[in-house]
Amino acid sequence: MKIQRHGAVLGLVAASALLLSACGSDNNAPTGGTNNTTSNAASVPVECGGKTKLNAEGSSAQKNAVDAFVQAYQAACPGVDLAYNPSGSGAGVKNFNAGQVDFGGSDSALKEGAETTDSTKRCKENPAWNLPLVFGPVAVGYKVSGVDSLVLDAKTTAAIFSGAVKKWNDPAIKALNGSATLPDKDIAVIYRSDESGTTDNFQKYLKVAGGWTKGDGKQFKGGVGEGKEKSAGVAQAVGSIDGAITYVEWSFAQDNKLSVAKIDSGAGAVELTAETAGKAIDEAKIKGEGNNLVLDLDSIYGSKAAGAYPLLLATYEIVCSKGYDADTAKAVKAFLTVAATTGQQQLADAGYVPLPKAFQDKILTAVKAIA
Amino acid sequence: MKDPVVAKRPARPGDTGAERGVAAAPHASEAPIPPTPEAPETTKAPHVRPGDRIFRGLATGSGVFIVVLIGAIGLFLILQAIPSLGLDNVNFLTSREWNTTDPTNLRFGILDLTLVTVVVAVLALLIAMPIALGIALFLTQYAPRNLARPFAYVVDLLAAVPSIVFGLWGLFVLGPVLFPFSEWLIENLGWIPLLAKGNVNVQLGGTIFTAGIVVAVMILPIITAVSREVFERTPTMHIEGAIALGATKWEVVRTTVLPFGKAGYVSASMLGLGRALGETIAVAIILSTATSSFGWSLFDGGSTFASKIALAAPEFNDARSAGAYIAAGLVLFVLTFVVNAIARSIVAGHKEYE
Numbered sequence: 001m002k003i004q005r006h007g008a009v010l011g012l013v014a015a016s017a018l019l020l021s022a023c024g025s026d027n028n029a030p031t032g033g034t035n036n037t038t039s040n041a042a043s044v045p046v047e048c049g050g051k052t053k054l055n056a057e058g059s060s061a062q063k064n065a066v067d068a069f070v071q072a073y074q075a076a077c078p079g080v081d082l083a084y085n086p087s088g089s090g091a092g093v094k095n096f097n098a099g100q101v102d103f104g105g106s107d108s109a110l111k112e113g114a115e116t117t118d119s120t121k122r123c124k125e126n127p128a129w130n131l132p133l134v135f136g137p138v139a140v141g142y143k144v145s146g147v148d149s150l151v152l153d154a155k156t157t158a159a160i161f162s163g164a165v166k167k168w169n170d171p172a173i174k175a176l177n178g179s180a181t182l183p184d185k186d187i188a189v190i191y192r193s194d195e196s197g198t199t200d201n202f203q204k205y206l207k208v209a210g211g212w213t214k215g216d217g218k219q220f221k222g223g224v225g226e227g228k229e230k231s232a233g234v235a236q237a238v239g240s241i242d243g244a245i246t247y248v249e250w251s252f253a254q255d256n257k258l259s260v261a262k263i264d265s266g267a268g269a270v271e272l273t274a275e276t277a278g279k280a281i282d283e284a285k286i287k288g289e290g291n292n293l294v295l296d297l298d299s300i301y302g303s304k305a306a307g308a309y310p311l312l313l314a315t316y317e318i319v320c321s322k323g324y325d326a327d328t329a330k331a332v333k334a335f336l337t338v339a340a341t342t343g344q345q346q347l348a349d350a351g352y353v354p355l356p357k358a359f360q361d362k363i364l365t366a367v368k369a370i371a
Numbered sequence: 001m002k003d004p005v006v007a008k009r010p011a012r013p014g015d016t017g018a019e020r021g022v023a024a025a026p027h028a029s030e031a032p033i034p035p036t037p038e039a040p041e042t043t044k045a046p047h048v049r050p051g052d053r054i055f056r057g058l059a060t061g062s063g064v065f066i067v068v069l070i071g072a073i074g075l076f077l078i079l080q081a082i083p084s085l086g087l088d089n090v091n092f093l094t095s096r097e098w099n100t101t102d103p104t105n106l107r108f109g110i111l112d113l114t115l116v117t118v119v120v121a122v123l124a125l126l127i128a129m130p131i132a133l134g135i136a137l138f139l140t141q142y143a144p145r146n147l148a149r150p151f152a153y154v155v156d157l158l159a160a161v162p163s164i165v166f167g168l169w170g171l172f173v174l175g176p177v178l179f180p181f182s183e184w185l186i187e188n189l190g191w192i193p194l195l196a197k198g199n200v201n202v203q204l205g206g207t208i209f210t211a212g213i214v215v216a217v218m219i220l221p222i223i224t225a226v227s228r229e230v231f232e233r234t235p236t237m238h239i240e241g242a243i244a245l246g247a248t249k250w251e252v253v254r255t256t257v258l259p260f261g262k263a264g265y266v267s268a269s270m271l272g273l274g275r276a277l278g279e280t281i282a283v284a285i286i287l288s289t290a291t292s293s294f295g296w297s298l299f300d301g302g303s304t305f306a307s308k309i310a311l312a313a314p315e316f317n318d319a320r321s322a323g324a325y326i327a328a329g330l331v332l333f334v335l336t337f338v339v340n341a342i343a344r345s346i347v348a349g350h351k352e353y354e
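Chains A and B, in that order, give the protein sequences. Note that our numbering has the first sequence beginning at 1, numbered continuously upward. Note that our numbering has the second sequence beginning at 1, numbered continuously upward.
Okay, structure coming up:
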């Protein structure tokens, strides 16, 4: 009797395990249209070869972009693969420095001090380079019934996210949206409850452009609203209450059908599109030396150029300039070359911004110099 | 599954054979010891057989292993936490602040985390305990035999659902469903501090109330399974005696099953409470974090120890900041330890029911 009972339990467990595994979802990366925003995509030859299986780890913000890169990489070099573990920027840097992965993904460049010295050690006494390969615009997504178009500037955004502006019909918002009728409704601020590079970049943007005094970092410091977990959580939350606003990666705003605010940096309202975000990347200044393409983010955030959308999240691939073994170096170079060229074509569909031509050339120069 | 009530029963003086047959199934407990060929029961000094020795070694080894393991976890937490605790610029135990962005100016305190953790767990327990009691009584006393068994499997299956699924269910399904009810409670009973308007949006359902209900569902199978095992072992003699005295079904349950199973039921609930205190992903998904501190309302948001750690862990890149979270983990470890100690003492204090 006892045995029969156990048998039945085992049977049930086995059956449910089968059922559950059958439900496992395949991660179908977007395969959609190839709009040629990057001109010299096909003209750069890729030297395939080296190690067939690369390992990388880091920022989850660039996970979908890396998936698209891997597809392009496999199309260009049959039989290769790259495993990207989206465990977070901190883990990416740590494991790159420990030599566990071939390159790291991070939403901030290596910091001076321990991070840089460790990375130099990992690259056999050669400097590590930060290559900003993936740019994702951050949307100020909102949902207010009857308001399809909203213009905000950095100052007003900072006021909303610090609780100084509490109502949708506040004079500060009205002043930017002359004709629109704004309801007398409370603004429900939603922020990321987990530590996130998106929060960090958003707060840095507000600091540079909007006089934000609450501080930056990966924890939200605004002191207003409520936090939901991850991009999916905040986007879902904003989609389900009237009067909510948040900052979230563009693709999540699109998927959840949130309205996206236009940003006025002083030269008129700018809608978030691949072109306007690309324009902001063009404005970016590099503060790293040589091929270490560390961005001066202030130059993007503070950009007053007409038609440029300044609220961007840049994520870096952290690679060794030298110090890989020959096999790894070859494969890393092949992957990065594909990622900077054909890989960029699919990025717009995944909610990122393809690299503009001039910037792409800088990346390719750096990739070529890896030895 | 450990069941002190059953294990100790046969040792009690005055036990009848019939009772023991129900309670401990002696033939089953002897089964693991293999009969040796030259095994006549002699009066010689007992000599230890190899099988005996091996079994004893394995059992002792397992016991020592788990103690060492727990000790090692405790030691790890303490070693990692101490440097950060030294750098803390606010009182670790009484502060409600949590700011670890700048490792050179760490400000973290656990008061809010402790309160939210305890309130979520206690709410879950208050909901789950009566329901689990009902299920266990139904399965052992009321349900027809051939229905009870499949029913029990279904309840056990609940324990096999991954907690992230419960989390998503709470976020997408339960939260919105609870909204009208929560709103009604706040409007009509809002004068009770526990049901006052909280510091997060009720419409989103990211409240302690929602989280508590979801965690209650998650701990239900544990409490039910253990209680069922205990209730099943109520001596048939007692039940038959009660029936012979003319007791109704309810009176039988009240006078024999409940007193007999009380200690087991309480320790089952404490097991559930331990799980509720440490529940991570479901709570992290459901519970909205709030910018103002916990104000004793069920409709507040906040973070529990486990959800706070889970939300920050992927971005740990400084040992000092990470140490702050590990210090919080240490407190949770101690809290769970205390809960278990209380459970043990409750079980020990109810010896008269064995």
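All residues carry an ideal CB built from backbone N, CA and C; glycine is no exception.
Can you find at least 3 beta carbon pairs, one from the segment 218 to 232 of chain B and one from the segment 102 to 110 of chain B, that sit closer than 8 angstroms? No, the segment 218 to 232 of chain B does not touch the segment 102 to 110 of chain B.
Using 8 angstroms for Cβ pairs, my map puts residue 197 of chain A next to residue 299 of chain A. What's the rounded Cβ distance? Cβ-Cβ separation between residue 197 of chain A and residue 299 of chain A: approximately 18 angstroms, too far for a contact (criterion under 8 angstroms).
Please return the same chain residues whose Cβ sits closer than 6 angstroms to the Cβ of residue 21 of chain B, not counting the five positions on each side in sequence. For residue 21 of chain B, the pLDDT reaches just 42, beneath the cut-off of 50, and the residue's location in the model is therefore unreliable, leaving the point undetermined.
Considering residue 132 of chain A, what are the terminal residues of the beta strand (DSSP E) in which it resides? Note, residue 132 of chain A: beta strand (DSSP E), 128 to 143.
Going by Cα to Cα distance, which pick from A:346, A:153, A:212 is closest to residue 71 of chain A? It is A:346.
Starting from residue 93 of chain A, find everything on chain B with Cβ-Cβ shorter than 7 angstroms and list it in chain order. Near residue 93 of chain A (Cβ distances below 7 angstroms), the residues of chain B are 317.
Does the structure place the segment 249 to 257 of chain A close enough to the segment 223 to 235 of chain A that three or more beta carbon pairs sit under 8 angstroms? Proximity of the segment 223 to 235 of chain A to the segment 249 to 257 of chain A meets the contact definition, three or more beta-carbon pairs being nearer than 8 angstroms.
What's the gap between the Cα of residue 44 of chain A and the Cα of residue 54 of chain A? When rounded, the distance between both Cα atoms is 21 angstroms.
Count the other C-beta atoms from every protein chain shown that fall within 10 angstroms of the C-beta of residue 36 of chain A, then say buried if there are 16 or more, exposed otherwise. Residue placement at residue 36 of chain A is poorly supported in this model, since its pLDDT is 39, which falls under 50; the coordinates are not used for a value here.
Looking at chain B, is there any beta carbon in it that lies within less than 8 angstroms of the beta carbon of residue 224 of chain A? At least one chain B Cβ lies under 8 angstroms of residue 224 of chain A.
Is there contact between the segment 335 to 342 of chain A and the segment 136 to 150 of chain A, where contact requires at least three CB pairs shorter than 8 angstroms? Output reads no: the segment 136 to 150 of chain A does not touch the segment 335 to 342 of chain A.
With 16 other CB atoms within 10 Å as the buried threshold, where does residue 79 of chain A fall? Burial call: exposed.
Proximity winner among A:206, A:361, A:353, relative to residue 64 of chain A (alpha-carbon distances): With distances taken between CA atoms, residue 64 of chain A lies nearest to A:353 out of A:206, A:361, A:353.
Report yes or no: is there a C-beta of chain A within less than 8 angstroms of the C-beta of residue 146 of chain B? Residue-level contact check: residue 146 of chain B does not touch chain A, since none of the beta carbons of chain A fall below 8 angstroms from its beta carbon.
Does chain B have any CB closer than 8 angstroms to the CB of residue 218 of chain A? It does: the Cβ of residue 218 of chain A has a partner Cβ on chain B nearer than 8 angstroms.
Find the residues of chain B that neighbour residue 228 of chain A, judging by a C-beta separation of less than 7 angstroms, and give them in chain order. Result: 206, 288.
Residues of the segment 44 to 61 of chain A with Cβ closer than 8 angstroms to any Cβ of chain B, in chain order: Residues passing the 8 angstroms Cβ filter: 60.
Between B:171, B:209, B:166, which lies nearest to residue 186 of chain B when the distance is taken from Cα to Cα? If we check each option's Cα against that of residue 186 of chain B, B:209 comes out closest.
Hey, could you find the ends of the beta strand (DSSP E) residue 188 of chain A is sitting in? 188 to 192 is the extent of the beta strand (DSSP E) around residue 188 of chain A.
Should the segment 334 to 341 of chain B be called in touch with the segment 144 to 164 of chain B, which here means at least 3 C-beta pairs below 8 angstroms? Flag = no, the segment 334 to 341 of chain B and the segment 144 to 164 of chain B do not touch.
Terminal residues of the alpha helix (DSSP H) in which residue 55 of chain B lies: Annotation: the continuous alpha helix (DSSP H) that includes residue 55 of chain B extends over 50 to 87.
Residue burial classification, residue 325 of chain B (beta-carbon count within 10 angstroms, cutoff 16): Residue environment for residue 325 of chain B: buried (at least 16 other C-beta atoms within 10 angstroms of its C-beta).
Does the beta carbon of residue 178 of chain B sit closer than 8 angstroms to a beta carbon anywhere in chain A? It does not: the Cβ of residue 178 of chain B has no partner Cβ on chain A nearer than 8 angstroms.
Is residue 93 of chain B helix, strand or coil when you go by DSSP? DSSP places residue 93 of chain B outside both helix and strand once states are collapsed to three, so it counts as coil.
Residue 324 of chain B: beta carbon under 7 angstroms from a heavy atom of the ligand HEM? For the structure depicted, the ligand HEM is absent and the ligand set is empty, with no information on it obtainable.
Give the interface partners of residue 285 of chain B over in chain A, defined as CB-CB distance under 8 angstroms, in chain order. Near residue 285 of chain B (Cβ distances below 8 angstroms), the residues of chain A are 229, 233.
Starting from residue 223 of chain B, follow the alpha helix (DSSP H) in both directions and report where the run begins and ends. Looking at the DSSP string, the run of the alpha helix (DSSP H) that includes residue 223 of chain B is 208 to 232.
Euclidean distance between Cα positions of residue 132 of chain B and residue 138 of chain B: One C-alpha to the other measures close to 10 angstroms.
So, for residue 27 of chain A: in the same chain, excluding its five sequence neighbours on each side, which residues have a beta-carbon less than 8 angstroms away from its beta-carbon? Note that residue 27 of chain A has pLDDT 42, beneath the 50 cutoff, so the model's placement of it is unreliable and no number is given.
Taking the C-alpha atoms as reference points, what is the distance between residue 404 of chain B and residue 165 of chain B? A question about residue 404 of chain B goes unanswered here, because the residues of chain B that appear run from 1 up to 354.
Within the 8 angstroms Cβ cut-off, does residue 187 of chain A reach chain B? With 8 angstroms as the cut-off, residue 187 of chain A does not count as an interface residue toward chain B.
What residues from chain A crowd round residue 106 of chain B, counting only those whose CB sits closer than 9 angstroms? Near residue 106 of chain B there are no residues of chain A at all, since even the closest Cβ is about 12 angstroms away, more than 9 angstroms.
Mind checking whether residue 207 of chain B and residue 214 of chain B have CB atoms under 8 angstroms apart? It is not a contact, given that the beta carbons lie outside the stated cut-off.
Would you mind sorting residue 96 of chain A into buried or exposed? The rule is 16 or more other CB atoms within 10 Å of its CB. Around the beta carbon of residue 96 of chain A, 16 or more other beta carbons lie within 10 angstroms, which makes this residue buried.
For chain A, check one thing: does any of its Cβ atoms lie closer than 8 angstroms to the Cβ of residue 203 of chain B? Interface residue, yes.
Consult DSSP for residue 247 of chain A and reduce its assignment to one of helix, strand or coil. Secondary structure at residue 247 of chain A: strand, using DSSP grouped into helix, strand and coil.
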